[in-house]
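Okay, so the sequence shown: first residue is 244 according to the numbering used here, each after it adds one.
Structure first, commentary second.
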Amino acid sequence: MNNNIILIGFMGCGKTTMGIRLSYKLRRQFLDTDKLIEKREGRSISEIFEAEGEEYFRRLETKILEELTESCSHQIISVGGGTPLREENRKLLRKLGKVIYLKVSPETVYQRLRGDRTRPLLQGDAPMKKIQELLEKRESLYEEAADVIITGDGKKQDEVLLEVLEVCR
Ligand code: S3P
């Protein structure tokens, strides 16, 4: 166990916002694996999906996780919404540290991400249907990967932050 705190959950659940706030509170460095991938590739996630396809992106996610398990400790890490889908990634997440699943409903995701153009998987005419389908498929895997589950629906960001801080003690 590398002693990190890892935030997982669906797109729009608040991993990045929460990760940044946590890093201030706990005085730990914050890392976002999507950002690491974009930096390394020199292009956005959307561009990577468009040019190389999803599978290529998924391989990059696993590679980054492998590297982090070798090099990273005592940090706050946020991973992309699809990272816990691969079994090998779930193992790597566990190795990395304490995994916190920020759980939200499809309605919350829809409200938060309406009009967003940066998530290639949610583009198209029926984003709500897509969100529901993906969440249904992923829910049990998020739960399997998690040490702790924290629900965000109907809560203020500050409340969620307090709950997260509580389990980080
Ligand atoms: C994805 C989530 C995104 C990003 C990519 C794929 C997913 O990250 O990794 O668009 O499969 O759920 P966020 O969860 O940070 O939006």
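Just so it is clear, CB atoms sit at the ideal spot from N, CA and C, and this is done for glycine as well.
These numbers were taken from a predicted model, which means no experiment stands behind them.
| Asked | Found |
| --- | --- |
| For the stretch 317-361, which segments carrying the alpha helix (DSSP H) assignment without a break, of at least 4 residues, lie completely within its bounds, in sequence order? | 330-339, 349-356 |
| With distances taken Cα to Cα, identify the nearest neighbour of K341 among G285, E284, L377, L408. | L408 |
| Within 10 angstroms of the Cβ of V347, are there 16 or more other Cβ atoms? Answer buried if so, exposed if not. | buried |
| Using a threshold of 9 Å, state whether the C-beta atoms of I280 and Y344 are closer than that. | no |
| Rounded to the nearest angstrom, what separates Q400 and R412 at their Cα positions? | 19 Å |
| Curious, which full-length alpha helix (DSSP H) runs of at least 4 residues does the stretch 263-315 contain? | 276-284, 288-295, 297-314 |
| Mark Q318 as exposed unless 16 or more other C-beta atoms lie within 10 angstroms of its C-beta, in which case mark it buried. | buried |
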